[in-house]
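Here's the structure we're looking at; comments come further down.
Numbering (UniProt numbering), first residue to last: 1 to 517.
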């Protein structure tokens, strides 16, 4: 028999009455749980959560987690906790303690909630202690990933300090301790550890937390770590750490002092002027190639002191420059010739100074040295008359490449003649063109009307009565006068000049037009 209202089937036999009904989702989940197919049961419960009556999704999930733990799949069990436990802090804490009992806190550590919800600080501290006892790298990773407010920072710092007593050189622990100090805003201690470790984040930490007051006595450590970054940072923050303080701190490390002062000089030639005298010795000791550029650019360097140091160290090029700058060009030239034996440099020096006496000294010194004579013959032509040198060459002296040198002198002379002729032609052409232009200009008429005035009497240049006779003189400078207002010239020449322009030294303007009626 079939009951439509209840969806039941009745099977009646002589001995039994069997009632049959349609299987529902609860029955299906029961079957899946019986077969230990927990993941499928969980999915079925989630799909039919509105229709199931016997089962709860949370109970199925917890059973699934226990099943995975029993099978030893700890990582998968911990991962499922995120989905199954959700925001239930009590269940989270219960599961963490359960993982602790089986020695698998590390497995669940990656999946612990960090925001919404947040568990008790004790839970996170328990996990951190577990890592600290067996896995320093894992401990360091958690400290980086977890926000500092999840646990009691003081407790963890003390635990790390205790471990460092056993292994004081452990870089992982030291780096982690520096991060913990940073979370705790104890930036000074963090900075000390970063400097000891030579950690790349030390400069970022200083900038981010404005720790310039903490590094006043650590400048040497910073420079030893990365001198370029340290110098840039110090120069960018002169208002926080003065130049004098930096120089004082580096007093016992002159090589670092030089690096700092050199970069300061490159930025501004005047800021560190009180240290320019000190820099002479520093450049001479640690950076000879930049000594000469420094001497050239510095206007605050004591030349006598610089000369003394360069002479002591036998720095010829620098000494030559200083001698010439002090006005002792002849001694400088002598040093080039005797010390450097470089005729080309001597010639270049004489060209720069452009002094006839220097050329004379150079010729006198070179007259008994054939190679020097060759150099002079090749370069002297455009600055000094080569005849002065040629007349002094002793007869019979063998001069290398003499013919080529003489040919070059003649070629240079011809070139000069050609240049002069070319310049002369250009000047003549330009002069003629300008003369024609001036002539055309002076041939033009000049407008004279009622608005013009006599520059002498300041009355209108033209009479109001047109019937009256008048005489007007107009100059090329456009100044106008009545004939009777012009002063009488004492010169024999009949050419008149504008009194105004002559008085202002602007050149006399001769009369361009005389109007009479």
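Where a beta carbon is used, it is the ideal one built from N, C-alpha and C, also for glycine.
Exposure of residue 441 is indicated by the presence of fewer than 16 other C-beta atoms within 10 angstroms of its C-beta. In the three-state scheme derived from DSSP, where H, G and I count as helix and E and B as strand, residue 8 is classed as strand. Comparing C-alpha distances from residue 451 to each of 443, 457 and 462 shows the shortest one belongs to 462. Positions of the alpha helix (DSSP H) runs, each at least 4 residues long and wholly inside the segment 162-246, are given as 171-183, 187-197, 202-209, 219-225 and 227-236 in order along the chain. In this structure, residue 92 lies away from residue 47, with their beta-carbon atoms at least 9 Å apart.
In the DSSP assignment, residue 473 falls within the unbroken beta strand (DSSP E) covering 471-475.
Residue 80 is classed as buried because its beta carbon has at least 16 other beta carbons within 10 Å across all chains shown. Per DSSP, residue 18 is not a residue of any alpha helix (DSSP H); the beta strand (DSSP E) it occupies stretches across 17-21.
Taken through DSSP and simplified to helix, strand or coil, residue 315 comes out as coil. In this structure, 188 is the residue among 111, 422, 301 and 188 with its C-alpha nearest to the C-alpha of residue 217. Put simply, of 96, 336, 394 and 378 the residue whose alpha carbon is nearest the alpha carbon of residue 412 is 378. With respect to the C-alpha of residue 258, the residue from 285, 436 and 427 having the closest C-alpha is 285. The DSSP-derived three-state label of residue 479 is coil. Contact between residue 322 and residue 291 does not hold, since their C-beta atoms are separated by about 11 Å, which reaches or exceeds 8 Å.
Of the residues assessed, residue 487 falls on the exposed side of the cut-off, its CB having fewer than 16 other CB atoms within 10 angstroms. 9 Å or more divides the Cβ of residue 287 from the Cβ of residue 333. For residue 370 and residue 312, the gap between their C-alpha atoms comes out near 32 Å. Between residue 111 and residue 128, the C-beta spacing is not below 9 Å.
Taken in chain order, the segment 380-444 contains no complete beta strand (DSSP E) segment of 3 residues or longer. In the DSSP assignment, residue 300 falls outside any alpha helix (DSSP H) and carries neither an H nor an E.
Annotation: the continuous alpha helix (DSSP H) that includes residue 330 extends over 329-335. Taking one beta carbon from each stretch, the segment 8-16 and the segment 27-37 have fewer than 3 pairs nearer than 8 Å; the two do not touch. For the pair residue 247 and residue 235, the CB atoms are not nearer than the 9 Å cut-off.
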